[in-house]
Amino acid sequence: MNRRTKWLILGAAVVFGLYFADSLYRSQIEQPTAQLNAELDRLTKELADSRDAQHQAKKSSQRLVSYHQRALPYDPQLARSAYQDWLLKLVEKHSVKSSAVDASQPKEIDIRSRVNRKKRISVGHSLMYTLRGQASLAQWTDLLYEFSQVGHLHKIRSLSLNPLGNEGQLDASMTIEVLSLAGATRKEQLSDWAVVASDQLTRQDYDNFVRRNLFARGFAKALYDVQLKAITYDRLGQAEAWFQVAVSGETQVVKGQQKLGVALHDISVEEILPDRVLIHVNRDPYWISLGQSIGEVCNIKEAS
Numbered sequence: 501m502n503r504r505t506k507w508l509i510l511g512a513a514v515v516f517g518l519y520f521a522d523s524l525y526r527s528q529i530e531q532p533t534a535q536l537n538a539e540l541d542r543l544t545k546e547l548a549d550s551r552d553a554q555h556q557a558k559k560s561s562q563r564l565v566s567y568h569q570r571a572l573p574y575d576p577q578l579a580r581s582a583y584q585d586w587l588l589k590l591v592e593k594h595s596v597k598s599s600a601v602d603a604s605q606p607k608e609i610d611i612r613s614r615v616n617r618k619k620r621i622s623v624g625h626s627l628m629y630t631l632r633g634q635a636s637l638a639q640w641t642d643l644l645y646e647f648s649q650v651g652h653l654h655k656i657r658s659l660s661l662n663p664l665g666n667e668g669q670l671d672a673s674m675t676i677e678v679l680s681l682a683g684a685t686r687k688e689q690l691s692d693w694a695v696v697a698s699d700q701l702t703r704q705d706y707d708n709f710v711r712r713n714l715f716a717r718g719f720a721k722a723l724y725d726v727q728l729k730a731i732t733y734d735r736l737g738q739a740e741a742w743f744q745v746a747v748s749g750e751t752q753v754v755k756g757q758q759k760l761g762v763a764l765h766d767i768s769v770e771e772i773l774p775d776r777v778l779i780h781v782n783r784d785p786y787w788i789s790l791g792q793s794i795g796e797v798c799n800i801k802e803a804s
């Protein structure tokens, strides 16, 4: 065996040695380390997911507790009657005319059991109400604002408003859904929860909507036809304001704290003095003098 052959054998031995050493390193160190890192990443992710699930479960539990406290009583029939009475008092408080509140029969709500997927568990009942009535835009705004501030577990599913064209009245019809939960803390009494949030608008914030009165667009010209013609006193000494509608020649005699019939506008007489009258037009106050029209004092322009 010559010297060259020996060097070739030695080189081959070194190459095979390095190969086996690399294979041994990969199989004994690198691959187990990679597997351990992958397992560690998997466990870390599972731990994070578990913490997130626990956090969500805690939030859901707290939310469920609040739902049970806000929901209608657990007895669906007593809940149906209690909420209907509350709605009737609400419409009466806001002087809604020709009002009617109808309640449907409770509809059971069930969910699939987590233990037995084939079994369903009842968690409560859903109740639907229909409220109808006639009132001014400002009155409906007041009613809906109070509705939104009450903490009952209720929601307006549909709402329609149709102008009647006389005395600023809107005919409204709304459908309301309310939940009665089996886990509620009360049998027949409604909750006394109220909505408290820093970003909630106040009732005054909605007055811009009332002032614009989109339902009265195209009827602004009618305000120029209504003039204050006289201020008199009846036998009891009560002041009366006489408004005449120029187009029809009709005269309306209105006392303090009474409404003036003008199409699609909410106009009330608040105070009557010997030479002028304080009126509220869509919740805004104006003084009107003898011979002036409502359109003049409000400076209202008809929408084009």
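Under the working numbering, the residues of the sequence shown are numbered 501 to 804, in order.
All residues carry an ideal CB built from backbone N, CA and C; glycine is no exception.
Query	Result
Quick one: Cα of Ala538 to Cα of Leu547, how far?	14 Å
Secondary structure at Val696, three-state DSSP: helix, strand or coil?	coil
Use the C-beta contact count for Ser648: other C-beta atoms within 10 angstroms, 16 or more gives buried, fewer gives exposed.	exposed
Determine the DSSP secondary structure at Arg657, reduced to helix, strand or coil.	strand
Can you name, in chain order, every residue of its own chain whose Cβ lies under 6 Å from the Cβ of Tyr574, other than the five neighbours on each side?	Ala682 and Ala684
Is the CB-CB distance between Gly795 and Leu723 below 8 Å?	yes
Does the segment 637–655 come within contact of the segment 723–734, defined as at least 3 CB pairs closer than 8 Å?	no
Between Gly633, Thr505 and Val781, which lies nearest to Leu588 when the distance is taken from Cα to Cα?	Gly633
Find out if the Cβ-Cβ distance for the pair Gln669, Ala635 is shorter than 8 Å.	yes
So, with DSSP's three-state summary, where would you put Gln752?	strand
Which partner residues does His594 have in the DSSP bridge list?	Paired residues: none, contrary to the question.
Is there contact here, the segment 728–746 with the segment 774–789, by at least three beta-carbon pairs under 8 Å?	yes
By Cβ distance below 8 Å, which residues in the same chain neighbour Gln738 in space, the five residues on each side in sequence not counted?	Lys755 and Gly756
Leaving out five residues on either side along the sequence, give the residues of the same chain with a beta carbon under 8 Å from the beta carbon of Arg620.	Asp610, Ile611, Arg612 and Ser613
Roughly how many whole angstroms lie between the Cα atoms of Phe715 and Leu764?	7 Å
For Tyr519, does the count of other Cβ atoms within 10 angstroms reach 16, so buried, or fall short, so exposed?	exposed
Classify Asp602 as helix, strand or coil using the three-state DSSP reduction.	strand
Answer with buried or exposed for Gly511, where buried requires no fewer than 16 other C-beta atoms within 10 angstroms of its C-beta.	exposed
In terms of alpha-carbon separation, which member of His594, Lys655, Val678 and Thr641 lies closest to Thr702?	Thr641
Tell me which residues share the same chain as Ser595 and place their Cβ nearer than 7 Å to its Cβ, disregarding the 5 neighbours each side in the sequence.	Ala635 and Gln639
Cα-Cα, which of Arg504, Gln535 and Gln569 is closest to Ala694?	Gln569
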